[in-house]
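**Q** A single structure is presented below for examination.
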């Protein structure tokens, strides 16, 4: 069968036909990849072929070049690079040819594939003629070719990093793109494509934005495009402005007045998608200034100065945002994903408040006072929303008098306002009041023992309201409880039983599935338990069998549909989460632990049954809860190990859901601390799996640092029995150490990861060293000591470790001395860095680094012989 | 073109409770990992046992001045009971001991400097010097919400609240409830202050095996942090203070010897920088006095007068030999069997003798006392006989004392940093 038909069959409604076609394509690809790719690109380029087969051909090509998953992606890149040059150039020429096809879908698909190949080849200094040949297309008379070319340039800018393209080509791309946006360009399609391409190309324009004339030109064209008669162009132009606001914040001063006028006009008059982008511009400026001002908190000389654009725009910006609040949609509160002018405006107002603090209050208060009692629900809701939006940022001095007067009004509105939308926002605003103006950290709280009871009565009442209002009431109770964390004599304590019962009632409501009400009720229950004081422990103990019973009920249903199974799974997650919180609470003190121990057998049995509900994966929440349980139970947990071990192993093998794997690794740590050397019998299995995970390139990298730490946990638990794992673990630690100490971190994220890795490795060393302390076999570690010291030296010399790594690293210096004695001190005397590093840590401002350093200094001084 | 990421509405909460549970679990695990690690690090370093040296076969008197009333029902018969139960204890366990056992245990925990009878080499390089405050040497332990100071003989001096780690029943956020600390102090009556001259344990970390250099560094950085140097208050009855410690160069020696201190001086102490804290007598810490820097240059009798003849306190052994408190003990003489029987002395009794100057000889640098004249049984508050170095120092003090000039002369001259600048008249 020819390829066209197979591609069409692969999109057939009939599943058998579809499956068969997919199978043939797979076979073709496996048997002869070059021919497969060539045949697909010919299909895409052929204007005689049906559009559907051409589109799919392009899509398969694209998927043969790129994948989301990092390792798979690397494989595909290598596979492409190793293909025969003639094949590659044939494929590329088909693709470039397709850009002039009269069929828009074919052109667009080809654009994307070209960008993927560019993403692979340009960094390798291959296909160097690509950009020049695209730019030559720009002067084509046919506007559809021009459009496709601009689109391609945009995608290329998205795929490759700016360093790959030299400035001369960047200049030419930008010139072509900005000219394409110009009003003098006749074709709308070309202008849309150019504006969208600019969005991607902005990251390449660093040099051009530093040149006043070029920047002025780009800014003028973008601003003009926001006034285009074509909505798509206006929207794309505002998207460019948003991108510029974050990338070139420090270059904006001279344009802000014009931009304000443009955005104000768009917010007031334009279509919603355009107006939303106009608001987003200001939200984005807030983000920048919040970051800069945060940075100022740490050091007076931030890299970028704050221009206080928001502060300057405030008198005009605030009224504009307040107007948007009146443009609510009728049922936006029932829709999780809703996003409209009013929501964007309120969100922006919240960000503005965080940026300027106190100054916002007098500007918003008149709006609130004027609207809060109006008969039109939109006005009452907008006023309440405005109030809720300005609660984070201003000083409590400024807010408390206002909130004190408003609190009673809010409580009445929550019970009596006829409109659900108003009640929803009122409950949310109460939650914000409790979140920011109540708590043991604050000197003055708006909540007193007197009004607390009234607040509680209203919230419990509201929890019986329609789901979206009840959900917000739960949220408010969450923050009310949180505010009493760490304070004795919470006024909630006398009502604890009632609160718990009300929350349980919410979880049992028939409509608890709407507006994530059930989830909110359990989350609030968790927080209430977490923050409860010791005198409440008996009631928490009584709650335990109730939640266990709930969990038991979820295990009864049989032969569930996939929909029911998903619901069961979700409910089990909530209940296991709740049990986890209760276990942690009761396990934390000796007195309450006793009451809860009688339930441990049953709890464990329930968790094992939850695990058994699934085939190949383990339930993350149950795993988390088991960690807490093991730690609370201690050595006696050994009796559950036989039943639990298979799931533990399964969790460690879960590479797809790496969160589950990470949590399971954490649970191994809990088990080590609970079981200590009793964990020995299962160590072979665990170690094998952990070492396998470390060497796998499929496991998400974020799991590796905790695995290293976990090796330390195991070593500390089993002491010198770790001997047999040394020959596997030490070389692995060593090579990871070498890699992580010489990481050239190009960005913050990479550096953060390098530091996590370093910390994990150091924690492993620390655990191993301490594990071997005071035993004759400690000398087995001597051969590894020079490398450990070299690692610390390298870290010190790199000068890019964070505080956590510093603390762990200096501790390891102490561990070396503590375990290896004078042998280690001889080595340490040869290391200049370790001495300087120790001194530096001793004078650190961070108390935990200092403490660790002092331990190290002591351990070292102890082995210095006379 | 991808739309800019949709901004999260201010009305939707930023963190899910599940994420919060994950983070709390991680936080808990990190905390517990660090707790286990710290426990391991403290293991074997917080436990210290009685030194297995001479002190173990020492028999202590059962009573002392300060606790006499409370213990009055105790009889001499208890004297010879073994002290074994107190041997393998750490300081926390020892803190739970009561009465005589506690005294016996604590009487052995202090490091006792020898008296300086000759000048050690490299004094300026390897030694510290400081002015010893006048007063009672004590071992101060804070644990379990209280602080107890014990004198050299192990008896309790004060039982009081302090700002030392876990030294009072206030909520101390800076450490676990089980933490403790041990200080070597001198209680200075006039200003009611404990002058800390050494740090033995701090927040569960044992400093026994650390050098003096490190212990002083630690002492200086840690004590003030704890608030123990603050003025007395309800939860902090006595002030603690550090003493200025100098390198033993010319300037340091001068400062320790002649600069005025906030306390009354009683001699000068020299500590070897590299020495660990060693219980009992040690030549790596030395005490030296003269009339200028101490009121107690020559030993006084119970009336506070300097007797015409030098007196010594020696311990009677099973075989009647009279020995010093050193390890191994130095024999200075012996008692006749019939004299012992007549006097009803038992092995371990501390006896006071007078020395006849003319019978004392120094042979190969060793002191021999010759005739000993029995005076009386020693004061019951005493826990130990005199040490050899003390007897020697006192002997030398009466005949050819080691002078400050001698010590200064042994130190290479160096200009102190603040050496006065000589004015020069311009143009003269």
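Residue numbers (our numbering), protein chains in the order written: chain H, 1 to 866; chain P, 867 to 1294.
For every residue, glycine included, the Cβ atom is placed at its ideal position computed from N, Cα and C.
Whose Cβ in chain H lies nearer than 8 angstroms to the Cβ of residue 1073 (chain P)?
**A** By Cβ distance, chain H contributes 858.
**Q** Which runs of the beta strand (DSSP E), 3 residues or longer, sit entirely within the stretch 281–325 of chain H?
**A** Whole beta strand (DSSP E) segments, 3+ residues: zero.
**Q** State the beta-bridge partners of residue 999 (chain P) as determined by DSSP.
**A** Looking at the DSSP assignment, residue 999 (chain P) forms a beta bridge with P:1131.
**Q** Given residue 466 (chain H), which residues of its chain have a CB within under 6 angstroms of its CB, disregarding the five upstream and five downstream residues?
**A** Here the set comprises 420.
**Q** Three-state secondary structure (DSSP) at residue 1053 (chain P)?
**A** Looking at residue 1053 (chain P) - three-state DSSP - the assignment turns out to be strand.
**Q** Give the residues of chain H in contact with residue 1159 (chain P), contact being defined as C-beta atoms less than 9 angstroms apart.
**A** None at all; the shortest Cβ gap to chain H is about 29 angstroms.
**Q** Can you give me, in chain order, the residues of the stretch 882–895 of chain P that have a beta carbon less than 9 angstroms from any beta carbon in chain H?
**A** Within the stretch 882–895 of chain P, the residues whose Cβ lies closer than 9 angstroms to some Cβ of chain H are 882, 883, 884, 886, 887, 888, 890, 891, 892, 894, 895, listed in chain order.
**Q** In chain order, what residues of the same chain lie with their CB nearer than 6 angstroms to the CB of residue 511 (chain H), ignoring the 5 residues before and after it?
**A** So the qualifying residues of the chain are 467.
**Q** Quick check on residue 327 (chain H): does DSSP put it in helix, strand or coil?
**A** Correct three-state label for residue 327 (chain H): coil.
**Q** Using a C-beta cutoff of 8 angstroms, does residue 577 (chain H) count as contacting chain P?
**A** So yes, residue 577 (chain H) belongs to the interface.
**Q** Tell me, which residues are paired with residue 1113 (chain P) by DSSP?
**A** Per DSSP, P:994.
**Q** Is it buried or exposed for residue 878 (chain P), if we count other Cβ within 10 angstroms and need 16 for buried?
**A** Result: exposed.
**Q** In chain order, what residues of the same chain have a beta carbon less than 6 angstroms from the beta carbon of residue 472 (chain H), not counting five sequence neighbours either side?
**A** The answer, listed in chain order, is 424, 427, 428.
**Q** Does the stretch 399–406 of chain H come close enough to the stretch 889–899 of chain P that 3 or more CB-CB pairs lie under 8 angstroms?
**A** At 8 angstroms Cβ cutoff, the stretches do not touch.
**Q** Here's the rule: buried if 16 or more other CB atoms are within 10 angstroms of the residue's CB, otherwise exposed. What is residue 868 (chain H)?
**A** Outside the displayed range of chain H (1 to 866) lies residue 868 (chain H), so it cannot be described from this structure.
**Q** Is the Cβ of residue 877 (chain P) closer than 8 angstroms to any Cβ of chain H?
**A** Yes - at least one Cβ of chain H is within 8 angstroms of the one on residue 877 (chain P).
**Q** Starting from residue 753 (chain H), follow the alpha helix (DSSP H) in both directions and report where the run begins and ends.
**A** That run of the alpha helix (DSSP H) goes 748–771.
**Q** Going by beta carbon distance, what residues of the same chain come within less than 8 angstroms of residue 977 (chain P), once the five residues before and after it are set aside?
**A** So the qualifying residues of the chain are 1050, 1064, 1143, 1144, 1145, 1146, 1148, 1151.
**Q** List, in chain order, every chain P residue whose beta-carbon is nearer than 8 angstroms to that of residue 631 (chain H).
**A** Here the neighbours are 894, 898.
**Q** Between which two residues does the beta strand (DSSP E) harbouring residue 1066 (chain P) extend?
**A** 1059–1068 is the extent of the beta strand (DSSP E) around residue 1066 (chain P).
**Q** So is the beta-carbon of residue 179 (chain H) under 7 angstroms away from any non-hydrogen atom of the ligand ADP?
**A** Among the components of this structure there are no ligands whatsoever, and the ligand ADP is therefore not found.
**Q** Return the bridge partner residues of residue 2 (chain H) from the DSSP annotation.
**A** BP columns for residue 2 (chain H) are empty, so no partner.
**Q** For chain H, find out if any of its Cβ atoms is closer than 8 angstroms to the Cβ of residue 1278 (chain P); answer yes or no.
**A** Not one chain H Cβ lies under 8 angstroms of residue 1278 (chain P).
**Q** In terms of DSSP beta bridges, what is residue 1138 (chain P) paired with?
**A** According to DSSP, residue 1138 (chain P) bridges with P:993.
**Q** In chain order, what residues of the same chain have a beta carbon less than 8 angstroms from the beta carbon of residue 87 (chain H), not counting five sequence neighbours either side?
**A** Only 34, 37, 38 meet the Cβ criterion.
**Q** Are the CB atoms of residue 729 (chain H) and residue 743 (chain H) within a distance shorter than 8 angstroms?
**A** No.
**Q** If you measure between the beta carbons of residue 768 (chain H) and residue 722 (chain H), is that distance less than 8 angstroms?
**A** Yes; because the gap between Cβ atoms is below 8 angstroms, this pair is in contact.
**Q** Taking only beta carbons into account, state which residues of the stretch 60–73 of chain H come closer than 9 angstroms to chain P, listed in chain order.
**A** Against chain P - using a Cβ distance shorter than 9 angstroms - the stretch 60–73 of chain H contributes no residues.
**Q** Residues of the stretch 578–601 of chain H in Cβ contact with chain P at a cutoff of 9 angstroms, in chain order, please.
**A** If the cut-off is 9 angstroms between Cβ atoms, the stretch 578–601 of chain H has 580, 581, 584 near chain P.
**Q** Please state whether DSSP places residue 977 (chain P) in a helix, a strand or coil.
**A** Strand at residue 977 (chain P).
**Q** Using CA atoms only, rank isn't needed, just tell me which of H:570, H:484, H:551, H:594 is closest to residue 609 (chain H).
**A** Considering only alpha carbons, the answer is H:551.
**Q** In the DSSP assignment, find the alpha helix (DSSP H) that holds residue 1220 (chain P) and state where it starts and stops.
**A** Residue 1220 (chain P) -> not in any alpha helix (DSSP H); beta strand (DSSP E) instead, spanning 1216–1221.
**Q** For the stretch 618–650 of chain H, which residues have a beta carbon sitting closer than 8 angstroms to at least one beta carbon of chain P?
**A** Residues 621, 624, 627, 628, 631.
**Q** With DSSP collapsed to three states, give me the class of residue 904 (chain P).
**A** Here residue 904 (chain P) sits in helix by DSSP.
**Q** Between the Cα of residue 431 (chain H) and the Cα atoms of H:391, H:549, H:603, which residue gives the shortest distance?
**A** Residue H:391 is the option with its Cα nearest to residue 431 (chain H).
**Q** Inspect the beta-carbon positions of residue 1020 (chain P) and residue 1058 (chain P) and report whether they are closer than 8 angstroms.
**A** No, the Cβ-Cβ distance between residue 1020 (chain P) and residue 1058 (chain P) is not below 8 angstroms.
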